[in-house]
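J.: Please find one structure pasted underneath; my questions will follow.
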Amino acid sequence: MAVLPMFPLGSVLLPGAVLPLHVFEPRYRALVRDCLEAPDHEFGVTLIARGSEVGGGDQRLEVGTVARMVQVAEMDDGRFAVVCVGTRRIRVNAWLPDDPYPLADVDEWPDDRPVGDAADEVERRIAATLARVRRSCALSAELGDSVVDASVDISDDPVLGSYHLAALAPVGPADTYRLLCEAGPEARVAALDSMMDDVEVLLEFRLADESAELPLDES
1 MAVLPMFPLG SVLLPGAVLP LHVFEPRYRA LVRDCLEAPD HEFGVTLIAR
51 GSEVGGGDQR LEVGTVARMV QVAEMDDGRF AVVCVGTRRI RVNAWLPDDP
101 YPLADVDEWP DDRPVGDAAD EVERRIAATL ARVRRSCALS AELGDSVVDA
151 SVDISDDPVL GSYHLAALAP VGPADTYRLL CEAGPEARVA ALDSMMDDVE
201 VLLEFRLADE SAELPLDES
């Protein structure tokens with residue numbers, strides 16, 4: 001067990017994903033300064049279940065990711081622009097008093113790692129689900145949605161690859177949190193594959209609705 005500074009957010013950070021932060025609250029400025037003095041420059045990120053990122057009083061979920069600061073720029077007024085990378089999954093055992101920023105007693109929670117034929121099957125399922133994610137992101141872009149660049153390469157490692165895939169998926173924070181909480185890449189990719197069924201149905205409905213609203217060509 002270890003005590004880790006924590007930064008609850010309204011979004012989910014996954015291992016291997018990049019997280020840019022604009023840090024302006026005094027308590028989180030203090031967190032950044034303290035983390036800069038620590039040898040690993042790390043803090044934890046968890047999803048806020050209820051409440052706001054600003055001001056405190058939020059309810060926080062138990063599973064999160066360790067973020068390592070890789071770029072930090074301090075502005076003249078004391079704010080920070082920070083770029084972090086998710087490194088590994090953690091589980092919160094207990095929240096400690098926010099003094100001055102959130103702290104938690106945490107354990108690392110490694111993924112169940114597939115081996116042999118199971119690893120080959122995960123690799124196959126990642127490739128198939130990645131194709132679905134890329135098609136859905138392309139359709140979302142056609143509809144005017146803001147989407148991530150799903151053309152990027154993902155890791156060949158089954159654990160990290162499953163997290164990269166989850167980070168690309170056009171799903172909301174609650175679904176992304178569910179993917180973070182899956183025991184390992186096999187369960188994570190299977191859950192995402194099921195989520196993509198609903199994503200594709202919704203996109204098809206929106207495309208059909210948009211086509212029906214197009215004006216007829218009377219020329």
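Heads up: the sequence shown at position 72 corresponds to 72 in the working numbering, and the numbers run straight through without jumps.
All C-beta atoms, glycine included, are put in the ideal place defined by N, C-alpha and C.
What is the DSSP secondary structure of LEU47, counted as helix, strand or coil?
T.: Translated into positions along the sequence shown, residue 47 becomes position 47. It is a strand residue.
J.: Please list the terminal residues of the continuous beta strand (DSSP E) segment that includes ILE90.
T.: Counting from one through the sequence shown, the residue named residue 90 turns up at place 90. First-last of the beta strand (DSSP E) with ILE90: 80-96.
J.: Can you tell me whether LEU19 is helix, strand or coil according to DSSP?
T.: Position 19 of the sequence shown, counting from 1, holds the residue named residue 19. LEU19 falls in the strand class under three-state DSSP.
J.: Considering Cα atoms alone, identify which of PRO100, VAL23, CYS35 and ARG88 is closest to ASP77.
T.: On the sequence shown, residue 77 is found 77 positions in, with the first residue counted as 1. Cα-wise, what sits closest to ASP77 is VAL23.
J.: Thinking ASP40 and GLY51 are a contact (beta carbons under 8 Å), I'd like their distance in whole angstroms, please.
T.: For the purposes of this step, residue 40 is taken as residue 40 along the sequence shown, with counting starting at 1. For the purposes of this step, residue 51 is taken as residue 51 along the sequence shown, with counting starting at 1. About 28 Å; that fails the 8 Å criterion.
J.: For MET1, which residues of its own chain have a beta-carbon under 8 Å away from its beta-carbon, when the five flanking residues on both sides are left out?
T.: Start at 1 with the first residue of the sequence shown, and residue 1 comes out as number 1. ASN93, ASP105, VAL106 and ASP107.
J.: Quick one: give me the first and last residue of the alpha helix (DSSP H) that GLU121 is part of.
T.: Within the sequence shown, numbered from 1, the residue matching residue 121 stands at position 121. 117-142 is the extent of the alpha helix (DSSP H) around GLU121.
J.: In terms of alpha-carbon separation, which member of PRO185, ARG91 and VAL152 lies closest to TYR163?
T.: Mapped onto the sequence shown, residue 163 falls at position 163. When only C-alpha atoms are compared, the closest one is PRO185.
J.: Whose C-beta lies closer than 6 Å to the C-beta of PHE7 among residues of the same chain, with five residues either side of it excluded?
T.: As a working mapping, residue 7 is identified with position 7 in the sequence shown. Here the set comprises PHE43 and VAL45.
J.: Can you give me the C-alpha to C-alpha distance between GLY16 and MET69, rounded to a whole angstrom?
T.: On the sequence shown, position 16 is the one that residue 16 refers to. On the sequence shown, position 69 is the one that residue 69 refers to. Near 13 Å, if we compare the C-alpha coordinates of MET69 and GLY16.
J.: With MET196 and ASP175 assumed to form a contact (beta carbons below 8 Å), what rounded beta-carbon distance in angstroms separates them?
T.: Indexing the sequence shown from 1 puts residue 196 at position 196. Indexing the sequence shown from 1 puts residue 175 at position 175. Going by Cβ atoms, the distance from MET196 to ASP175 rounds to 10 Å, so no, they are not a contact pair.
J.: For LEU168 and VAL148, I'd like the C-alpha separation in whole angstroms.
T.: Sequence index remark: in the sequence shown, residue 168 carries index 168 (1-based). Sequence index remark: in the sequence shown, residue 148 carries index 148 (1-based). Cα to Cα, the separation comes out at about 6 Å.
J.: Which residue spans inside the region 155-179 form an unbroken alpha helix (DSSP H) run of at least 4?
T.: Taking only runs of at least 4 residues, the alpha helix (DSSP H) segments lying wholly in the region 155-179 are 158-168.
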